[in-house]
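Engineer:
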Amino acid sequence: MMEPTLSRYETCPTCGSTEIIFKRGHHHFLESGLENIHLSNADIWRCNACGEEIVSIPRSMELMKSIAESILLKPISLSGAEIRFFRKNLGMKIKEFSQLLGVDRVTVSRWENGHEKPSKSADRLIRLTYAVEAKVPEAVMEQLRRSLRKDIVDSEADCFVSLPLVS
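Its first residue numbered 1, the sequence shown is counted upward by one per residue in full-length UniProt numbering.
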């Protein structure tokens with residue numbers, strides 16, 4: 001694995017300073033749209049002058065697929081943010097996603113904004129729709145089938161995902 005060089009970011013894009021330090025460490029991946037995604041071994045460049053941090057995420061498409069598959073297989077009901085994550089990961093607008101699910105666009109909006117929880121059958125439909133539309137690997141599809149047969153536990157528990165970054 002190639003070690004990143006400090007010259008990758010010679011100047012800060014925010015303030016223009018050349019006081020850039022590299023570190024490899026933890027990154028709370030809020031850019032995913034989810035509160036509970038944490039990355040370890042992230043390449044981070046930090047500007048000493050203004051505090052701006054630049055995080056390098058190699059193979060971001062694969063990372064987003066891994067996150068989606070983790071959410072897909074989690075044994076508790078989907079949160080609104082996770083439903084939005086699925087929709088956006090499929091590149092769909094609310095109207096298109098709601099038509100695919102056979103519900104009103106307002107319903108999807110309420111789910112995504114946490115104003116309403118999807119029913120158990122809607123949760124299953126969202127998962128299966130994502131799995132089919134995203135063309136998840138057969139092994140993941142089989143795990144999903146098994147978990148849906150066992151029945152998803154409805155819980156308010158938080159589920160955290162921590163993924164190591166490998167470049």
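Note that beta-carbon positions come from the ideal geometry of N, C-alpha and C, so glycine has one too.
Please state whether DSSP places residue 37 in a helix, a strand or coil.
Structural biologist: By 1-based counting over the sequence shown, the position of residue 37 is 37. Strand.
Engineer: In chain order, what residues of the same chain have a beta carbon less than 8 Å from the beta carbon of residue 151, not counting five sequence neighbours either side?
Structural biologist: The sequence position of residue 151 within the sequence shown is 151, counting from 1. Taken in chain order, the list of residues that qualify is empty.
Engineer: Just grab the DSSP bridge partners of residue 22 for me.
Structural biologist: Taking the first residue of the sequence shown as position 1, residue 22 is located at position 22. 45, per the DSSP bridge assignment.
Engineer: Could you say which of 131, 48 and 83 lies nearest to residue 169 if we only look at CA atoms?
Structural biologist: What the structure shows of the chain is the stretch from 1 to 167, and residue 169 is not part of that stretch, so it cannot be assessed.
Engineer: Starting from residue 140, follow the alpha helix (DSSP H) in both directions and report where the run begins and ends.
Structural biologist: For this step, residue 140 is matched to residue 140 along the sequence shown. First-last of the alpha helix (DSSP H) with residue 140: 138–150.
Engineer: Report the rounded CA-to-CA distance for residue 30 versus residue 44, giving the unit in angstroms.
Structural biologist: Numbered from its first residue, the sequence shown carries residue 30 at position 30. Numbered from its first residue, the sequence shown carries residue 44 at position 44. Using only the alpha carbons, I get a separation of about 15 Å.
Engineer: Touch check for the stretch 77–94 and the stretch 109–127: three-plus C-beta pairs under 8 Å?
Structural biologist: When C-beta atoms of the stretch 77–94 are compared with those of the stretch 109–127, three or more pairs fall below 8 Å, so the two segments count as touching.
Engineer: DSSP state of residue 71, grouped into three classes?
Structural biologist: As a position in the sequence shown, residue 71 is number 71, starting the count at 1. Three-state result, residue 71: helix.
Engineer: Alpha carbons only, please: which of 46, 127, 24 and 37 is nearest the one belonging to residue 101?
Structural biologist: Taking the sequence shown and counting its residues from 1, one reaches residue 101 at position 101. Closest option to residue 101, Cα to Cα, is 127.
Engineer: Quick one: Cα of residue 91 to Cα of residue 97, how far?
Structural biologist: Stepping through the sequence shown from its first residue, residue 91 is reached at position 91. Stepping through the sequence shown from its first residue, residue 97 is reached at position 97. If you draw a straight line from the Cα of residue 91 to the Cα of residue 97, it comes to about 9 Å.
Engineer: Quick one: residues in its chain with C-beta nearer than 8 Å to the C-beta of residue 145, no 5 flanking neighbours on either side, listed in chain order?
Structural biologist: Here residue 145 corresponds to residue number 145 of the sequence shown, with the count starting at 1. Hits under 8 Å: none found.
Engineer: Just to check my reading of the structure: residue 63 and residue 143 have Cβ atoms closer than 8 Å, yes? What is that Cβ distance to the nearest angstrom?
Structural biologist: Walking along the sequence shown from the start, residue 63 turns up at place 63. Walking along the sequence shown from the start, residue 143 turns up at place 143. With 8 Å as the limit, residue 63 and residue 143 do not qualify as a contact, their Cβ atoms being about 19 Å apart.
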